[in-house]
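What follows is a set of notes on a single structure, which appears directly below.
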Amino acid sequence: MLPVTSQPGSQTARSWTDPPETHTHTHTHTNTKSLHPVCQLLGRWRESDSSLLNMSYVKSRTAARCGALAGRSLCRTGSAKFHLASGASWQKSAFKYPSYDVPEMPPCSFKPEEYKGMSKEHMMEIRRRNCNPMTMKVTYYKKPVFTHQGYMQWLWDVDGKRYLDLFAGVATVSVGHCHPKVTAAAEKQLKRLWHTTSIYVYPTLHEYCEKLASYLPDPLKVIYLTNSGSEANDLAMLMARLHTGNYDIITFRGSYHGGSPQTLGLTSNTAYKYPIANGLGCTNTMCPDVFRGPWGGSHCRDSPVQTTRECSCAQGHCMANEQYIGQLKETFATSVPNRIAAFFGEPIQGVGGAVQYPKNYLKEAYRLVRERGGVCIADEVQTGFGRTGTHFWGFQGHGVIPDMVTMAKGIGNGFPMGAVVTTPEIAASFGQGVHFNTFAGNPVACAVASSVLDTISEDGSQQTSLKVGNYLLTQLAKLRDKYEIIGDVRGKGLMIGVEMVKDKASRDPLSPESMSEIFEDVKEMGVLIGKGGLYGQTFRIKPPMCITMEDADFFLAVFNKSVHNYMERRGG
Ligand SMILES: Cc1ncc(COP(=O)(O)O)c(C=O)c1O
Numbered sequence: 001m002l003p004v005t006s007q008p009g010s011q012t013a014r015s016w017t018d019p020p021e022t023h024t025h026t027h028t029h030t031n032t033k034s035l036h037p038v039c040q041l042l043g044r045w046r047e048s049d050s051s052l053l054n055m056s057y058v059k060s061r062t063a064a065r066c067g068a069l070a071g072r073s074l075c076r077t078g079s080a081k082f083h084l085a086s087g088a089s090w091q092k093s094a095f096k097y098p099s100y101d102v103p104e105m106p107p108c109s110f111k112p113e114e115y116k117g118m119s120k121e122h123m124m125e126i127r128r129r130n131c132n133p134m135t136m137k138v139t140y141y142k143k144p145v146f147t148h149q150g151y152m153q154w155l156w157d158v159d160g161k162r163y164l165d166l167f168a169g170v171a172t173v174s175v176g177h178c179h180p181k182v183t184a185a186a187e188k189q190l191k192r193l194w195h196t197t198s199i200y201v202y203p204t205l206h207e208y209c210e211k212l213a214s215y216l217p218d219p220l221k222v223i224y225l226t227n228s229g230s231e232a233n234d235l236a237m238l239m240a241r242l243h244t245g246n247y248d249i250i251t252f253r254g255s256y257h258g259g260s261p262q263t264l265g266l267t268s269n270t271a272y273k274y275p276i277a278n279g280l281g282c283t284n285t286m287c288p289d290v291f292r293g294p295w296g297g298s299h300c301r302d303s304p305v306q307t308t309r310e311c312s313c314a315q316g317h318c319m320a321n322e323q324y325i326g327q328l329k330e331t332f333a334t335s336v337p338n339r340i341a342a343f344f345g346e347p348i349q350g351v352g353g354a355v356q357y358p359k360n361y362l363k364e365a366y367r368l369v370r371e372r373g374g375v376c377i378a379d380e381v382q383t384g385f386g387r388t389g390t391h392f393w394g395f396q397g398h399g400v401i402p403d404m405v406t407m408a409k410g411i412g413n414g415f416p417m418g419a420v421v422t423t424p425e426i427a428a429s430f431g432q433g434v435h436f437n438t439f440a441g442n443p444v445a446c447a448v449a450s451s452v453l454d455t456i457s458e459d460g461s462q463q464t465s466l467k468v469g470n471y472l473l474t475q476l477a478k479l480r481d482k483y484e485i486i487g488d489v490r491g492k493g494l495m496i497g498v499e500m501v502k503d504k505a506s507r508d509p510l511s512p513e514s515m516s517e518i519f520e521d522v523k524e525m526g527v528l529i530g531k532g533g534l535y536g537q538t539f540r541i542k543p544p545m546c547i548t549m550e551d552a553d554f555f556l557a558v559f560n561k562s563v564h565n566y567m568e569r570r571g572g
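Take the sequence shown: its letter number 242 is residue 242 in UniProt numbering, and every next letter is one higher.
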């Protein structure tokens, strides 16, 4: 294992489930005079902040925090603008809410560089004037996060504020920001050879293809490298059509498979659609969503957490699955010709909000698709590379073997890359013409991706996904039981969705404004998460697979506090 940035056990962990009023204060009282001057100052401010506070608790928390800061450039003196990068609880929300109520961020020994670049205002001006206007639309936070540096599960903004990154650049930073081992592999290759093309034979490409193939079951052994997930899915569509001689492709409603003109047809989410002719030959079928859909019960999905819906299905029998398969059959009967090219499905829907299907759905769907001449394609862009914890690939959790697997995001820990892996038979059908891609298989990308595979195995990332993911899921389920507005908690490993509702009975999505309030509050307390779902109603937690149990506890406390704050503001 790599040195982990947080130092477990350096402070007494507080149970996040404790209601704020009933904390037992276990920290040791420390003399604040021996602390860093800025920390002393803050300690005094905090003490005078509220006469209701338990003084020894405040001092001890301050001491603990300053201990974490001591000797670090982050807590600079002699500057009016000091950075409190190690202490989220001293950041804005700490001033807004009673400090004893604000969760404490685990320490981190990594020192980021001091930011000396352009001002935030200047960046926003350029963003408005010269950048793809879409970037303004998806700035995401009312007060944007100006990121500057990353290390493992941590991000720092230009002011030196530290964030626990639980979104990983949309499930992309698989092993950790600037992971030292992967960075070293990239540096080594950058000094040796940046680019040639795959018409020449160079070792990094071949080492990588052999290594990646070893992670896939037979007959999935032929690899096409690409530069992104959309490109991988485009290629898979083309290959499926050429191989089968059929044209129609089926995907789930609510899915996201890319934003290129072709993959927009696979994607089934109005937010990404344009009023132009698109999606010729693409049909969306009902997503077997056991929480939001018409059917679902208490043991449908492969997750440590089930929905709160009830069912009386006997063991080994799932009525919801039968109903959803019935819907797929309806699609075959009404919307496509009797021969189809492909069925695309994510093992767990990503952008759709970590939606999981009934356990045997994919098995049965694959059988029906193959009966109609189609190939089955698993989009592992989000679920691959150990993220689901129990398996390296999401499809393995469904007990199926696809004919093609598409991947991107986590494949390169943030380095632009993607791949399609298929069978020699399908590859042969594609071989009639020429397919060429200048950057695919780039030596640096291959060196990075190769190192990512090694790192996943050396760091035990998949095992971390399972352990921390199971913990997060089961603890989040307790919050679901506590709060009326948490409708569902689901997922596997570090692919987690928390669906927010107006109330449990209606399951109506929580409004975008309410989602934003909670989202913003979580960020102010130092945690970055994502949002998804057709109505933007689901929080998405997909961190780098190096987070610790202490990080999980910190997030749980932050999330608990944010939902609590929201309910309190609503008088709930
Ligand atoms: C499941 C899935 N497939 C494909 C894509 C498209 O990948 P890219 O953004 O690299 O083109 C995404 C992107 O979010 C995705 O989540």
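Using N, Cα and C, we set each Cβ at its ideal position, and we do this for glycine too. These numbers were taken from a predicted model, which means no experiment stands behind them.
- Message: So, at 6 Å on beta carbons, what are the nonlocal neighbours of cysteine 209 in its own chain, with the 5 sequence-adjacent residues on each side left out?
- Response: Residue numbering aside, residue 209 sits at position 209 when the sequence shown is read from its first letter. The answer, listed in chain order, is Ile223.
- Message: Whole angstroms are fine: how far does the CA of cysteine 546 sit from the CA of alanine 552?
- Response: For the purposes of this step, residue 552 is taken as the residue at position 552 of the sequence shown. For the purposes of this step, residue 546 is taken as the residue at position 546 of the sequence shown. Between the alpha carbons of alanine 552 and cysteine 546 lies a gap of roughly 11 Å.
- In the DSSP assignment, find the unbroken alpha helix (DSSP H) run with glutamate 568 in it and report its ends. Translated into the one-based positions of the sequence shown, residue 568 becomes position 568. Note, glutamate 568: alpha helix (DSSP H), 549 to 569.
- How is the beta strand (DSSP E) around leucine 264 delimited, first residue to last? To locate residue 264, count along the sequence shown from 1; it is residue 264. For leucine 264, there is no enclosing beta strand (DSSP E); the enclosing alpha helix (DSSP H) covers residues 263 to 266.
- Item | Length at least 3, wholly inside the stretch 375 to 442: the beta strand (DSSP E) runs in chain order | The DSSP assignment places complete beta strand (DSSP E) segments of no fewer than 3 residues inside the stretch 375 to 442 at 375 to 379, 404 to 407, 418 to 422, in order along the chain.
- Message: Short of 7 Å in beta carbon distance, which residues of its chain neighbour phenylalanine 555, apart from the five on each side in sequence? Order them along the chain.
- Response: For this step, residue 555 is matched to residue 555 along the sequence shown. Within its own chain, the residues whose Cβ lies closer than 7 Å to the Cβ of phenylalanine 555, once the five positions on either side in sequence are excluded, are Leu164, Leu166, Val527, listed in chain order.
- From the DSSP output, in three-state form, read off glutamine 149 for me. Here the question's residue 149 lines up with position 149 in the sequence shown. Strand.
- Minimum C-alpha distance to leucine 362 - residue among Val201, Val498, Pro275, Asp289: Here residue 362 is taken as the residue at index 362 of the sequence shown, counted from 1. In terms of Cα proximity to leucine 362, the closest of Val201, Val498, Pro275, Asp289 is Asp289.
- Residues of its chain near phenylalanine 146, where Cβ-Cβ distance is below 7 Å and the 5 sequence neighbours each way are ignored: By one-based count along the sequence shown, residue 146 stands at place 146. Closer than 7 Å at the Cβ level, and outside the excluded window around phenylalanine 146, lie Lys120, Met123, Asp157, Val158.
- Residue range of the unbroken beta strand (DSSP E) whose run includes valine 498: To locate residue 498, count along the sequence shown from 1; it is residue 498. Run containing valine 498: 495 to 500, per the beta strand (DSSP E) assignment.
- Item | As assigned by DSSP and simplified to three states, the class of threonine 308 | As a working note, residue 308 is residue 308 in the sequence shown. Correct three-state label for threonine 308: coil.
- Item | Burial state of glutamine 537, where buried means 16 or more other Cβ atoms lie within 10 Å | Translated into positions along the sequence shown, residue 537 becomes position 537. Answer is buried; the Cβ neighbour count reaches 16.
- Fully enclosed by the stretch 323 to 369, which beta strand (DSSP E) runs are 3 residues long or longer? 342 to 345
- Query: With a Cβ-Cβ cutoff of 7 Å, do threonine 172 and lysine 409 count as a contact?
  - Reply: What you label residue 172 is simply residue 172 of the sequence shown in a count that begins at 1. What you label residue 409 is simply residue 409 of the sequence shown in a count that begins at 1. Against a cut-off of 7 Å, the Cβ pair of lysine 409 and threonine 172 comes out as a contact.
- Hey, how far is the Cα of asparagine 227 from the Cα of valine 448? If you number the sequence shown from 1, residue 227 lands on position 227. If you number the sequence shown from 1, residue 448 lands on position 448. When rounded, the distance between both Cα atoms is 13 Å.
- When you compare only the Cα positions, how much space is there between aspartate 248 and glycine 533? As a position in the sequence shown, residue 248 is number 248, starting the count at 1. As a position in the sequence shown, residue 533 is number 533, starting the count at 1. One C-alpha to the other measures close to 25 Å.
- Using only alpha-carbon positions, find the residue among Gly469, Ser514, Gly176 that is nearest to threonine 390. For the purposes of this step, residue 390 is identified with residue 390 of the sequence shown, where counting begins at 1. The candidate whose alpha carbon is nearest that of threonine 390 is Gly469.
- Query: With 16 as the cutoff for other CB atoms within 10 Å, does tryptophan 393 come out buried or exposed?
  - Reply: By one-based count along the sequence shown, residue 393 stands at place 393. Per the 10 Å Cβ criterion, buried.
- Query: Is valine 375 buried or exposed, if buried means 16 or more other CB atoms sit within 10 Å of its CB?
  - Reply: Here the question's residue 375 lines up with position 375 in the sequence shown. With 16 or more other Cβ atoms from the protein chains shown falling within 10 Å of its own Cβ, valine 375 counts as buried.
- How about threonine 331 and methionine 495: are their beta carbons less than 7 Å apart? Here residue 331 refers to the residue found at position 331 when the sequence shown is read from its first residue. Here residue 495 refers to the residue found at position 495 when the sequence shown is read from its first residue. In this structure, threonine 331 keeps its C-beta atom at 7 Å or more from the C-beta atom of methionine 495.
- Task: Pick out the complete alpha helix (DSSP H) segments inside the stretch 97 to 136, 4 residues or longer, and give them in chain order.
- Result: Taken in chain order, the unbroken stretches of alpha helix (DSSP H) that lie wholly in the stretch 97 to 136 and span 4 residues or more are 120 to 130.
- Based on the DSSP output, what are the partners of lysine 492 in its beta bridges? Your numbering for residue 492 matches position 492 in the sequence shown. For lysine 492, which the question treats as bridged, DSSP gives the partners Met495.
- Do glycine 229 and ligand 1 come close, with the Cβ less than 6 Å from some heavy atom? As a working mapping, residue 229 is identified with position 229 in the sequence shown. For ligand 1, at least one heavy atom lies less than 6 Å from the Cβ of glycine 229.
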